[in-house]
Amino acid sequence: MELYRLSGNKSGGVCINCRHNTAGRNCHYCKPGYFRDLTKSVTHRKACKACNCHPVGSLSRSCNQSSGQCICKDGVTGLTCNQCSKGYQQSRSPLHPCIPKCPKCRAAPKRLTQKKYCRREYAVEVQVTRRESVDGWSKYQLIVLAIYKRDTGIRLRRGEQSLWISGKRTACKCPKIRVGRKYLILGQNDTNNISRPGIVFGTRTVVLEWNDEDLEKIMRFSKKEKKGQCPARRRF
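Just so you know, the sequence shown maps onto residues 4 to 239 in my numbering.
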């Protein structure tokens, strides 16, 4: 205010109580959350327009002061970050609202084959009892009802176990797991994660909804495997 007095009350002061969503020493720009409409004078009551950044698709409520472009999350586009970019699809996650389009789900085959059985290190029948989200992962609580196959070194036993599925897989429903249902899980190299004890769903894990008819298949496949009648191991 001293500068204002020295100028004869003409200049050098700082404006207070800026109007129409403006800010700054001279109320000469828009406050956060608004951007300039350059077709109007800064003194116009509509000189500053609301950014209207999407609460889920954007990283903040502020936008570019000139263009009004909001700061979008990965895979999100649009002036207000309200739509998915090309090659992405909407998910149910507020952290990752747009994810790459889901490829064909190979983790949930429709039927059990001799190849799939032989090329996995374990085969277990489980029932899902609970689901929770932990650091971007879906953690399913399982009851292992039966172990049909378990190679040396596999850390699985009857009783309670955990199944970890990444947020990306969960969003793509690959696989689609429902609480209360029974499943047959077969896997390889997915039970040795110290930070996530149990089964960590990987590229070699497959899950099928349990069917009592599969038990006969499993017994037949197991006998063939013990007789050395499995196909040569290779990537499925």
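Just so it is clear, CB atoms sit at the ideal spot from N, CA and C, and this is done for glycine as well.
By DSSP's criteria, Ser165 is part of a beta bridge. Which residues make up the other side? As a working mapping, residue 165 is identified with position 162 in the sequence shown. Answer is Gln144.
Where the alpha helix (DSSP H) containing Arg172 begins and where it ends: What you label residue 172 is simply residue 169 of the sequence shown in a count that begins at 1. Note, Arg172: alpha helix (DSSP H), Gly170 to Ala174.
Using C-beta distances below 7 Å, list every residue in its chain close to Pro100, excluding the 5 sequence neighbours before and after it, in chain order. Counted from its first residue, the sequence shown places residue 100 at position 97. So the qualifying residues of the chain are Val59, Gly60, Lys76, Val79, Gln93 and Ser94.
Between Arg122, Asp215 and Gly170, which has its C-alpha nearest Lys227's C-alpha? In the sequence shown, counting from the first residue as 1, residue 227 sits at position 224. Taking only the C-alpha atoms, the option nearest Lys227 is Arg122.
Verify whether the separation of the beta carbon atoms of Ser165 and Pro112 is less than 8 Å. Along the sequence shown, one-based indexing puts residue 165 at 162. Along the sequence shown, one-based indexing puts residue 112 at 109. The answer is no: Cβ separation not under 8 Å.
Residues near Arg238 in its chain [Cβ-Cβ closer than 8 Å; skip 5 each side]: The residue you call residue 238 lines up with position 235 of the sequence shown. Note that Arg238 has pLDDT 48, beneath the 50 cutoff, so the model's placement of it is unreliable and the number below is only indicative. Around Arg238: no qualifying Cβ.
Would you mind giving the Cβ-Cβ distance between Asn24 and Cys33, rounded to the nearest angstrom? I have them listed as a contact below 8 Å. In the sequence shown, the residue the question calls residue 24 occupies position 21. In the sequence shown, the residue the question calls residue 33 occupies position 30. Here Asn24 really is in contact with Cys33; their C-beta atoms are around 6 Å apart, less than 8 Å.
First and last residue of the alpha helix (DSSP H) that includes Glu219? As a position in the sequence shown, residue 219 is number 216, starting the count at 1. Annotation: the continuous alpha helix (DSSP H) that includes Glu219 extends over Glu216 to Lys229.
Given a threshold of 16 other Cβ atoms within 10 Å of its Cβ, counted over all protein chains shown, does Gly231 qualify as buried or as exposed? Looking up residue 231 in the sequence shown gives position 228. Classification of Gly231: exposed, given that the 10 Å Cβ count is below 16.
Alpha helix (DSSP H) containing Cys121: first to last residue? For the purposes of this step, residue 121 is taken as the residue at position 118 of the sequence shown. Where Cys121 is concerned, the enclosing alpha helix (DSSP H) starts and stops at Gln117 to Cys121.
Counting beta carbon pairs with one atom in the segment 174–193 and one in the segment 206–223, are three or more of them shorter than 8 Å? These segments touch.
According to DSSP, is Arg95 part of a helix, a strand, or is it coil? Here the question's residue 95 lines up with position 92 in the sequence shown. Note: Arg95 maps to coil in three-state DSSP.
Select from Arg153, Lys118 and Glu128 the residue whose C-alpha is nearest the C-alpha of Glu216. For this step, residue 216 is matched to residue 213 along the sequence shown. Taking only the C-alpha atoms, the option nearest Glu216 is Glu128.
Just list the residues that DSSP pairs Val79 with in beta bridges. The sequence position of residue 79 within the sequence shown is 76, counting from 1. The secondary-structure analysis by DSSP pairs Val79 across a beta bridge with Cys87.
For a quick check, are the C-beta atoms of Ile180 and Tyr143 less than 8 Å apart? Position 177 of the sequence shown, counting from 1, holds the residue named residue 180. Position 140 of the sequence shown, counting from 1, holds the residue named residue 143. Tyr143 is positioned such that its CB atom lies closer than 8 Å to that of Ile180.
Give the straight-line distance between the Cα atoms of Pro103 and His47, rounded to the nearest whole angstrom. Residue mapping note: residue 103 aligns to position 100 of the sequence shown, counting from 1. Residue mapping note: residue 47 aligns to position 44 of the sequence shown, counting from 1. Each residue's alpha carbon lies about 43 Å from the other.
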